[in-house]
Amino acid sequence: DPKIIQKPKYLVAVTGSEKILICEQYLGHNAMYWYRQSAKKPLEFMFSYSYQKLMDNQTASSRFQPQSSKKNHLDLQITALKPDDSATYFCASSPTGANSDYTFGSGTRLLVI
Amino acid sequence: GQQVQQSPASLVLQEGENAELQCNFSSTATQLQWFYQSPGGSLVSLLSNPSGTKHTGRLTSTTVTKERRSSLHISSSQTTDSGTYLCAITDSAGNKLTFGIGTRVLVRP
Chain C
1 DPKIIQKPKY
11 LVAVTGSEKI
21 LICEQYLGHN
31 AMYWYRQSAK
41 KPLEFMFSYS
51 YQKLMDNQTA
61 SSRFQPQSSK
71 KNHLDLQITA
81 LKPDDSATYF
91 CASSPTGANS
101 DYTFGSGTRL
111 LVI
Chain R
114 GQQVQQSPAS
124 LVLQEGENAE
134 LQCNFSSTAT
144 QLQWFYQSPG
154 GSLVSLLSNP
164 SGTKHTGRLT
174 STTVTKERRS
184 SLHISSSQTT
194 DSGTYLCAIT
204 DSAGNKLTFG
214 IGTRVLVRP
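Residue numbers (our numbering), protein chains in the order written: chain C, 1 to 113; chain R, 114 to 222.
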């Protein structure tokens with residue numbers, strides 16, 4: 001059974017629209033993250049949350065807003081979508097602590113047309 | 114910020130051959146994790162090795178913290194090992210992983 005569930009797996013959106021990417025983890029971790037992977041680029045850190053509080057935000061645009069309604073949920077709302085937002089978005093989680101191992105979900109592949 | 118360099122960029126192996134992948138990083142890492150990304154895109158953690166040598170199955174990682182480098186050795190490669198191998202580190206704050214761009218491995222039968 002997958003420990004981190006991301007929905008949907010694939011998403012096609014029209015430029016200017018808004019979408020929410022869902023992430024739930026069943027590992028009992030207190031820290032959750034969003035990463036983005038664009039073509040030919042390394043996985044890029046976006047946000048980190050610990051105990052449902054924002055710890056770090058490396059995303060320049062306010063169009064990206066994480067939402068944590070429950071301890072094991074960290075959704076990602078993206079507004080005013082642009083073609084450049086096309087990427088695979090990965091959710092991850094870890095226990096808190098500097099030497100923790102990270103576990104990743106299978107990703108949501110977003111295409112903005 | 115932190116930088117992670119991986120080499121080689123790509124590698125082609127004949128099944129049964131061994132391979133060594135390199136990871137160099139720009140600042141002190143408190144955690145170092147190797148990941149496998151399948152051709153379909155999913156990410157799987159292979160092992161964590163912030164220092165020393167660790168083994169799991171046919172994989173061996175050696176990290177020399179002072180020299181800011183880590184290696185991943187794949188022994189007796191199999192076609193199912195094909196994919197991209199990613200090295201990632203966290204700093205002392207531990208808030209995030211910084212990834213390298215990966216080494217793409219193709220194992221031919």
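Every residue gets a Cβ at the ideal spot worked out from N, C-alpha and C, and that includes glycine.
From which residue to which residue does the beta strand (DSSP E) around N137 (chain R) run? As a working mapping, residue 137 (chain R) is identified with position 24 in the second sequence. Its beta strand (DSSP E) spans residues 132-138.
Legend entry - Own chain residues within Cβ distance below 8 Å of D75 (chain C), not counting five before or after: Stepping through the first sequence from its first residue, residue 75 (chain C) is reached at position 75. The residues are I20, L21, I22, C23, P66, Q67, S68, S69.
task = Please confirm if G170 (chain R) has its CB atom under 8 Å from at least one CB of chain C.
result = Locating residue 170 (chain R) in the second sequence gives position 57, where the first residue counts as 1. G170 (chain R) does not count as touching chain C.
Where do the N-terminal and C-terminal ends of the beta strand (DSSP E) with E128 (chain R) fall, by residue? The residue labelled residue 128 (chain R) in the question sits at position 15 within the second sequence. Bounds of any beta strand (DSSP E) do not take in E128 (chain R), whose DSSP letter is neither H nor E.
- Query: Residue range of the beta strand (DSSP E) that Y10 (chain C) falls in?
  - Reply: Here the question's residue 10 (chain C) lines up with position 10 in the first sequence. Y10 (chain C) -> beta strand (DSSP E) spans 10-13.
What would DSSP say about K41 (chain C), mapped onto helix, strand or coil?
Indexing the first sequence from 1 puts residue 41 (chain C) at position 41. Here DSSP, grouped into helix, strand and coil, assigns K41 (chain C) to coil.
ask   = Which word fits S189 (chain R), buried or exposed, when buried means at least 16 other C-beta atoms lie within 10 angstroms of its C-beta?
value = Within the second sequence, the letter at position 76 stands for residue 189 (chain R). Exposed, because fewer than 16 other Cβ atoms sit within 10 Å of the Cβ of S189 (chain R).
Checklist entry - Of the residues that make up the stretch 134-152 of chain R, which ones have a beta carbon closer than 7 Å to any beta carbon in chain C? => result The stretch 134-152 of chain R vs chain C, Cβ under 7 Å: T143, Q144, Q146.
- [ ] Count the C-beta pairs between the stretch 1-13 of chain C and the stretch 83-99 of chain C that are closer than 8 Å, then say yes if the count reaches three, no if not.
- [x] Contact holds: three or more Cβ-Cβ distances are below 8 Å.
Under three-state DSSP, which class holds P66 (chain C)?
-> For this step, residue 66 (chain C) is matched to residue 66 along the first sequence. Strand.
#### Entry: Beta-carbon contacts of Y33 (chain C) that lie in its chain and below 8 Å, excluding the five residues immediately before and after
On the first sequence, position 33 is the one that residue 33 (chain C) refers to. Apart from the 5 residues on each side of it in sequence, Y33 (chain C) sits with its Cβ closer than 8 Å to the Cβ of F45, M46, F47, S48, Y49, L74, C91, A92, S93, S94, Y102 in its chain, given in chain order.
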